[in-house]
Structure formats: C-alpha cells, structure tokens
Amino acid sequence: MGLKVVFMGTPFFAERILARLLDSAHEVAAVVTVADKPAGRGQQLKQSDVKITASHHNIPVLQPTSLKDLDFLETLRAFNADLFVVVAFRMLPKEVWQMPRLGTFNLHASLLPQYRGAAPINWAIINGEKISGVTTFFINEEIDAGKILMQQEINIDAEWDAGTLHDEMIAVGKELVVETLNEIENETLTAEPQAFPSNTPLLAAPKLTKVNTKLHFEKTAFELQQLVRGLHPYPSSYCQLRNTVKEQTQNFKIHEAKATEILVEGNAFLKSDPSGILFPCADFYLSVSELQPEGKRRMNHKEFLAGNSLSAWEIVS
C-alpha cells in the first residue's frame, strides 16, 4: 500500500533519492526545498534539483523562507503525511520534525555516530577511511544524534575521491531510504540509540572553509593527497605560491595530486617531474598534475610549465 511522505531536500544528492522514492510503492505528497536563487553570469533564478524533479511529476513544492512560518506549517500539516524524509536539507525546527505521526527521518552520508556534521563524504576521504556508509535515523533536537533506523557500509577504494564516494552513497542510500520506509510500514524496525565506540575517537565532519581546505606542506604527502581527493571535485583544495620575479602571491586550486615515494632531503624546492609538479612535504614529494591559477582555467602541469619557470615560484606556508 505504501506510506504517504513529504520529502525535504535540495541538491543533486537529494534529487536522486527523490527519484527513487517516486519509483517505489510510497506516495510523495509534497516536497520542501530552498527558494529559487539567482545564479550564473546572468543571475537568472535557478531552481533546486529537487524542485525540478518534483515539478516534472506534478508534486506540490513548498519553498518557505522560514521553516517556522505559520502559513507554511499549516500547509505542511494539511498534507497529513505519515512520515517526513529528509536528505541534504537544513536543520528542522521541532514544530516540523515532530509533526507526522511516524516521525521524521534523515539520510546521513556516514556511519553514525562517526562524522556528524555538514561534510561527512569529504572528511571520510580526507582522513583516509577504508570504510564509510549511509545511515537513516530519526531526527531529534540534536544535530545527527537521533536513534538509528538502518545502516549500510561502503568499502572505499584507495583511489576514490569525494566525487566517487558521493556517487556510491547515492546508489546505496536511495535503496536504504526505500528499505527503511518498507520496514517502518511493516512495523519490523526498531530504532536504536547511537552506540559510541569505546576504543576509537569520535570524528566530526565540520563545514568546509578557507581554513581547512588549504594545503599546508609541513604535513605528509599522503595527508595532502587525501585532502586534495577529499575536496575534489568541489570545493577543491588550494595552496598559495609566490612569484618572486613579479613579487606577487597567488592562490592555486589543486585538482589532481598523488603522493610519491621521492624522499624530500635538505632545502627542497618545487621541481618538475613527468608525473607533475613536485611539492616538497614533511616526508615525500606530492606530485600535482592538475591545477588552476586564480582567475584562470584549470590546466595540467605541462600547460602550466609551458608558460612558467618553476624557479620563479615558491610555496607560501
């Protein structure tokens, strides 16, 4: 028969889950997403991925500026949904998440309680995790701290970046959401409090900022390789280089990099290699094969070296 749900989400990740729900036995009565925003050079109003898919299926779309707005709450209540499903959306007030008779659950891109926060996919790669996963859990007053419904592990390949893990989590997550709904409908699921590991530290997934996306070359080559991969394809890691001839400091986005086994010895400088531009780190060199000078297009290391002498550039710590 299926449950009647309201879906809440915004980006492509959420849209893929919505698309799978629309192909399930459950009814999506309405969608809640962000307001249309100006984007691009022409500042045309851009709809969220979730809104585009919902509109294509003639599903009512709510775009409140405030989730506590009384008219919005009244409209939401009128759908009389059994359950709210949340994927990649903002924090909900209690007035919203406690509304449906069966509660509100969220899909989170980690194995909770590990990696609570805004950027779990990125931090799993940055920290070199070999296993991550997805979790469905009931929302409560605390961020990502509610009772767990279901979890599914994902093995992380050594070469994956955040984009690869993102896509794998969509594939696994969309099935987990439908399975969670099925189990709730059949009353065969018991929500369990989050179990805290006794012998491993609890790791967080804080919002990505200019501070934690910068490459610091006093770290190991492997650590920096993982930072680059964990921030690819978005928002990208970056470093600062100074042109000693022009006496200018410039930001460079680093898109592709790999730790080498070339040992750093003595007073090390930037140098070229067939694999890329070699950046000296705490132990070995990091080979950068794709980079993007501020204000310019993305390019490979050969294109950059064709117009630049490495001897003119130095790393700004």
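The sequence shown lines up with residues 3 to 319 when you count with the working numbering.
For each residue, glycine too, the CB sits at the ideal point set by N, CA and C.
Since we're looking at a predicted model, the values are computed, not measured.
Bridge-paired residues (DSSP) for residue i
i: R244; result: T251 and E316
i: M301; result: L293
i: I279; result: S274 and V290
i: E29; result: K6
i: T138; result: L109 and M152
i: K39; result: K48
i: R118; result: A206
i: E194; result: I150
i: G11; result: V89
Nearest-angstrom Cβ-Cβ length linking residue i and residue j, presumed shorter than 8 angstroms
i: L94; j: T55; result: That pair is no contact at about 21 angstroms.
i: E187; j: L5; result: 5 angstroms
i: V174; j: V87; result: With 8 angstroms as the limit, V174 and V87 do not qualify as a contact, their Cβ atoms being about 16 angstroms apart.
i: L217; j: S238; result: Actually they are not in contact, since the Cβ atoms of L217 and S238 sit about 11 angstroms apart, beyond 8 angstroms.
i: R1; j: V180; result: Shown here, the chain extends from 3 to 319; a query on residue 1 therefore has no answer.
i: E144; j: K96; result: No, E144 and K96 are not in contact; Cβ-Cβ is about 11 angstroms, not under 8 angstroms.
i: M171; j: A111; result: 5 angstroms
i: I321; j: L293; result: The chain is shown only over 3 to 319; residue 321 falls outside these bounds and no answer can be derived.
i: E155; j: L113; result: 7 angstroms
i: H28; j: L183; result: 5 angstroms
i: L85; j: F74; result: About 18 angstroms separates the two Cβ atoms, so there is no contact after all.
Residue i, buried or exposed, once every other Cβ within 10 Å from all chains shown has been counted against 16
i: D51; result: buried
i: D25; result: exposed
i: M3; result: exposed
i: D163; result: buried
i: G135; result: buried
i: P102; result: buried
i: V321; result: Missing from the structure shown is residue 321; the chain here goes from 3 to 319 and no further.
i: T287; result: Reading off the sequence shown, one finds Tyr at residue 287, where the question assumed Thr. Answer is buried; the Cβ neighbour count reaches 16.
i: R92; result: exposed
i: S289; result: buried
i: N108; result: buried
Range covered by the alpha helix (DSSP H) that runs through residue i
i: Q228; result: A223 to G232
i: L47; result: Careful: L47 lies outside any alpha helix (DSSP H), inside the beta strand (DSSP E) at Q46 to K48.
i: F91; result: No alpha helix (DSSP H) contains F91, which DSSP labels as neither H nor E.
i: E76; result: L72 to A80
Limits of the beta strand (DSSP E) - the one that residue i falls within
i: M101; result: Per DSSP, M101 belongs to no beta strand (DSSP E) and is neither H nor E.
i: N157; result: I150 to N157
i: G175; result: Element bounds for G175: not the beta strand (DSSP E) but the alpha helix (DSSP H), A164 to E187.
i: P203; result: No beta strand (DSSP E) holds P203; DSSP gives it neither H nor E.
CB contact below 8 angstroms: residue i versus chain C
i: A27; result: This model lacks chain C altogether, as it is built from one protein chain only.
Given 8 angstroms, three or more beta-carbon pairs between the stretch 271 to 282 and the stretch 308 to 317: yes
Do three or more CB pairs link the stretch 191 to 203 to the stretch 30 to 41 at distances below 8 angstroms? no
Is the stretch 229 to 240 touching the stretch 120 to 137 in the sense that three or more CB pairs, one from each, lie closer than 8 angstroms? yes
Check whether the stretch 195 to 214 touches the stretch 144 to 152, counting contact only when three or more Cβ pairs, one atom from each stretch, lie closer than 8 angstroms. yes
For the stretch 199 to 216 against the stretch 261 to 269, do three or more pairs of beta-carbon atoms, one drawn from each stretch, fall closer than 8 angstroms, so that the two count as touching? no
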